[in-house]
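Numbered according to our numbering, the sequence shown spans residues 98 to 516.
Glycine is no exception: its CB is placed at the ideal position from the N, C-alpha and C atoms.
Because the structure is a prediction, the values reported are computed rather than measured.
Let me begin by presenting the structure, written as structure tokens, before commenting on it.
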Amino acid sequence: MQGPAASRRPSATELPRSLAPTTAPPHHPGAARPQERWARAALTRVLEPGDEQAGRWLADLGPVDLMRRLTEAPHRHTTDLLPGATPDRMAALRTRARQADPAHDLTTAASIGARFVIPGDAEWPSQLDDLDTARPLGLWVRGAPNLRHWALRSVAVVGARNCTPYGAHTATNLAAGLAERGWVVVSGAAYGVDGAAHRGALATGGATVAILACGADVAYPRGHAGLLGRIMRQGLVVGELPPGSHPTRSRFVLRNRVIAALTRGTVVIEAAHRSGSLVTARAAQRIGRHTMGIPGPVTSGASAGVHELLRGGAVLVTDASDVVELVGAMGDDLAPERRGPTLPRDLLAGETARLLEAMPGRSTDTTAVTLADRVGTSVDAALARLYELHSLGFVERHGDRWRLAASAAPPGETRRGGA
Numbered sequence: 098m099q100g101p102a103a104s105r106r107p108s109a110t111e112l113p114r115s116l117a118p119t120t121a122p123p124h125h126p127g128a129a130r131p132q133e134r135w136a137r138a139a140l141t142r143v144l145e146p147g148d149e150q151a152g153r154w155l156a157d158l159g160p161v162d163l164m165r166r167l168t169e170a171p172h173r174h175t176t177d178l179l180p181g182a183t184p185d186r187m188a189a190l191r192t193r194a195r196q197a198d199p200a201h202d203l204t205t206a207a208s209i210g211a212r213f214v215i216p217g218d219a220e221w222p223s224q225l226d227d228l229d230t231a232r233p234l235g236l237w238v239r240g241a242p243n244l245r246h247w248a249l250r251s252v253a254v255v256g257a258r259n260c261t262p263y264g265a266h267t268a269t270n271l272a273a274g275l276a277e278r279g280w281v282v283v284s285g286a287a288y289g290v291d292g293a294a295h296r297g298a299l300a301t302g303g304a305t306v307a308i309l310a311c312g313a314d315v316a317y318p319r320g321h322a323g324l325l326g327r328i329m330r331q332g333l334v335v336g337e338l339p340p341g342s343h344p345t346r347s348r349f350v351l352r353n354r355v356i357a358a359l360t361r362g363t364v365v366i367e368a369a370h371r372s373g374s375l376v377t378a379r380a381a382q383r384i385g386r387h388t389m390g391i392p393g394p395v396t397s398g399a400s401a402g403v404h405e406l407l408r409g410g411a412v413l414v415t416d417a418s419d420v421v422e423l424v425g426a427m428g429d430d431l432a433p434e435r436r437g438p439t440l441p442r443d444l445l446a447g448e449t450a451r452l453l454e455a456m457p458g459r460s461t462d463t464t465a466v467t468l469a470d471r472v473g474t475s476v477d478a479a480l481a482r483l484y485e486l487h488s489l490g491f492v493e494r495h496g497d498r499w500r501l502a503a504s505a506a507p508p509g510e511t512r513r514g515g516a
């Protein structure tokens, strides 16, 4: 029989040795609550984003005690289960918890210029607390600006990955207009509407934030590695998951709640009936954020979800002035005179522009393989650029072949900006 010393449970201020910090975690604003920071960083390896059952454990126990419960050996005469957890789930959580290395993750984050922001930090956006038990454990943030300050004046712009040229043009112009008015454009860095929104904000020298369903150091989708680099230099790249984590289908869906809660309102541009963008909009509605939609042609299935959203109480908007009129209550001039639209051709640079120049004349189509060979890049990279050009209205897709769109400017007229 073990004596009291051998069976003693750690006190509430102790951490398992593998988690106990000896110094303040690197690269975070202040050294307050180092044990809580370590525990929350570890739990981002253990728990999936948006796990509401785990959120209740966190509320009852706190991150330090929860992590201890998951790393200490179970008592011999009790199952030592957390409320609602099955033995199999407890075993899986314990395995993850014992493998977690928060010191390594925090050091890795610091090495790439990232920080781990947790509830209670000066930089923590308190509006995320509206998510209650689905609130993030913390956020891994890359980029210089203060996330809390930016989030106070932010709007989400989301929509279809496989958007039409109309959707891409609309997203680009809307984001540019918001950025010109001093608003931060938040989106998910996906192909289609997300990418167009980020580029529209960047093109005006404005502010944009990418909320990822993976680690903040993971370029996903791969074709947006350059775009994510620009966002990090000019804005913020944010993720709930620790460095090196890859996205899954469920992580994409759950990421949308963060976009909805972080911002003052969500605008949906093109969404089919089952689009993930509608998940973001409905999450925004549930927590009392402004929900907006830009209508599309009644004949377009790409806008069917937006029209459904509008019938359900979302506000119809058509441009940045409409959005600012709804979400803006800052007391300053939020709706200056409109400027002309930002044309997508002004956003092309580097490999994207070279690939457009490599396209044959309008009467001839070609393949991604041929274009990759002409430009000197991989087929995957060429496809990513082609989908980008398609979303901006420069090219058309016909099966596995591509051609210049009838309305596209001649390649020689393409102006190179920053993409």
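Query raised in the report: Would you call Thr119 buried or exposed, if buried means 16 or more other Cβ atoms sit within 10 Å of its Cβ?
Result: Below a pLDDT of 50, predicted positions are generally treated as unreliable, and Thr119, at 36, falls in that range; the measurement from the model is reported next regardless. It counts as exposed.
Query raised in the report: Does the Cβ of Ser593 have 16 or more other Cβ atoms within 10 Å, making it buried, or fewer, making it exposed?
Result: Outside the shown range of the chain (98 to 516) lies residue 593, about which nothing can therefore be said.
Query raised in the report: Is the stretch 390-409 in contact with the stretch 274-294, if contact means three or more CB pairs nearer than 8 Å?
Result: Cβ pair count under 8 Å is below three, so no.
Report task. Specify the secondary structure class of Arg280 as computed by DSSP and reduced to three states. Result -> According to the sequence shown, residue 280 is Trp rather than Arg. In the structure shown, Trp280 sits in coil (DSSP, three-state: anything other than H, G, I, E or B).
Query raised in the report: Cα-Cα, which of His404, Leu406, Gly410, Ile391 is closest to Asp419?
Result: Closest in C-alpha terms to Asp419, from the list His404, Leu406, Gly410, Ile391, comes Ile391.
Query raised in the report: Do the stretch 188-207 and the stretch 327-344 meet, that is, are 3 or more Cβ pairs less than 8 Å apart?
Result: Touching, yes, given that three or more Cβ pairs across the two stretches are closer than 8 Å.
Requested in this report: Identify, in the order they occur along the chain, each residue of the same chain with its Cβ nearer than 7 Å to the Cβ of Asn243, setting aside the five sequence neighbours on each side.
Outcome: Answer for Asn243: Glu220, listed in chain order.
Requested in this report: Go ahead and pull the three-state DSSP assignment for Ser208.
Outcome: In the displayed model, Ser208 falls within a helix according to three-state DSSP.
Report task. Could you name the residues that DSSP lists as bridge partners for Leu158? Result -> DSSP lists no bridge partner for Leu158.
Report task. Would you mind listing the alpha helix (DSSP H) stretches within the stretch 218-262 that are 4+ residues and don't spill past its ends, in chain order? Result -> With a minimum length of 4 residues, the continuous alpha helix (DSSP H) runs that stay inside the stretch 218-262 are 244-248.
**Report entry** In DSSP terms, what Ala213 is bridged to
**Finding:** The amino acid occupying residue 213 in the given sequence is Phe; Ala does not appear at that position. Phe213 pairs with Trp237.
Requested in this report: Determine which residues share a DSSP beta bridge with Val350 and list them.
Outcome: In the DSSP output, where bridge partners are listed per residue, Val350 has none listed.
**Report entry** Rounded distance between the beta-carbons of Glu367 and Ala257, thought under 8 Å
**Finding:** Contact flag correct, Cβ pair sits at about 4 Å.
Requested in this report: Grab the span of the alpha helix (DSSP H) containing Ala304 for me, first residue to last.
Outcome: No residue range can be given for Ala304, since it is assigned to no alpha helix (DSSP H) and is classified by DSSP as neither H nor E.
Query - Closest Cα partner of His321 within the set Gly373, Leu486, Arg471 - result: Of Gly373, Leu486, Arg471, the residue nearest in Cα terms is Leu486.
Query raised in the report: Quick one: what's got a C-beta closer than 8 Å to Asp462's C-beta in the same chain, skipping five residues either side?
Result: Correct list, in chain order: His495, Arg498, Trp499, Arg500.
Report task. Check whether the stretch 316-334 touches the stretch 280-298, taking contact to mean three or more Cβ pairs, one atom from each stretch, closer than 8 Å. Result -> The answer is yes - the stretch 280-298 touches the stretch 316-334, with three or more Cβ pairs under 8 Å.
**Report entry** Residues sharing a beta bridge with Met389, DSSP
**Finding:** Answer is Val364, Val412, bridged to Met389.
Requested in this report: Whole angstroms is fine: what's the gap from Gly302's alpha carbon to Gly240's?
Outcome: Whole-angstrom Cα-Cα distance: 15 Å.
Query raised in the report: Got a sec? Which residues, its chain only, sit under 6 Å from Pro457 by beta carbon, not counting five neighbours each side?
Result: Cβ neighbours of Pro457 within its own chain (closer than 6 Å, five residues either side excluded): Thr463.
Query raised in the report: Short check: CB of Val334 to CB of Leu325, under 8 Å?
Result: Contact: yes.
Query - Reference Glu448, options Arg354, Arg482, Gly147, closest by Cα - result: Among Arg354, Arg482, Gly147, the Cα nearest to that of Glu448 belongs to Arg482.
Requested in this report: Mind checking who Thr464 pairs with in its DSSP beta bridge?
Outcome: Bridge pairing for Thr464: Arg498 [DSSP].
Query - Candidates Ile328, Val252, Pro233, Glu145: closest to Val214 by CA position - result: Comparing Cα-Cα distances from Val214 to each of Ile328, Val252, Pro233, Glu145, the minimum goes to Pro233.
Query raised in the report: Just how far apart, CA to CA, sit Pro131 and Ala156?
Result: Each residue's Cα considered, the two are about 18 Å apart.
Report task. Can you grab the Cα-Cα spacing for the pair Ala411 / Arg346, in whole Å? Result -> Between the alpha carbons of Ala411 and Arg346 lies a distance of about 26 Å.
Query raised in the report: Just how far apart, CA to CA, sit Ala121 and Val238?
Result: Any reading at Ala121 must be qualified, since the residue scores a pLDDT of 40, below 50, and its modelled position is unreliable; no value is offered.
Query raised in the report: In chain order, what residues of the same chain lie with their CB nearer than 7 Å to the CB of Gln150, ignoring the 5 residues before and after it?
Result: Contacts found: Gly181.
Report task. Would you list the residues sitting across from Val334 in a DSSP beta bridge? Result -> Arg239, Ala307, per the DSSP bridge assignment.
Query raised in the report: Secondary structure at Val492, three-state DSSP: helix, strand or coil?
Result: Of the three classes helix, strand and coil, the one that applies to Val492 here is strand, per DSSP.
Requested in this report: Give me whichever residues DSSP pairs with Gly402 in a beta bridge.
Outcome: Answer is none; Gly402 lacks a bridge partner.
Query raised in the report: Should Ala469 be counted as a contact of the ligand NAP given a C-beta to heavy atom distance under 7 Å?
Result: Here there are no bound small molecules, and the ligand NAP is not part of this structure.
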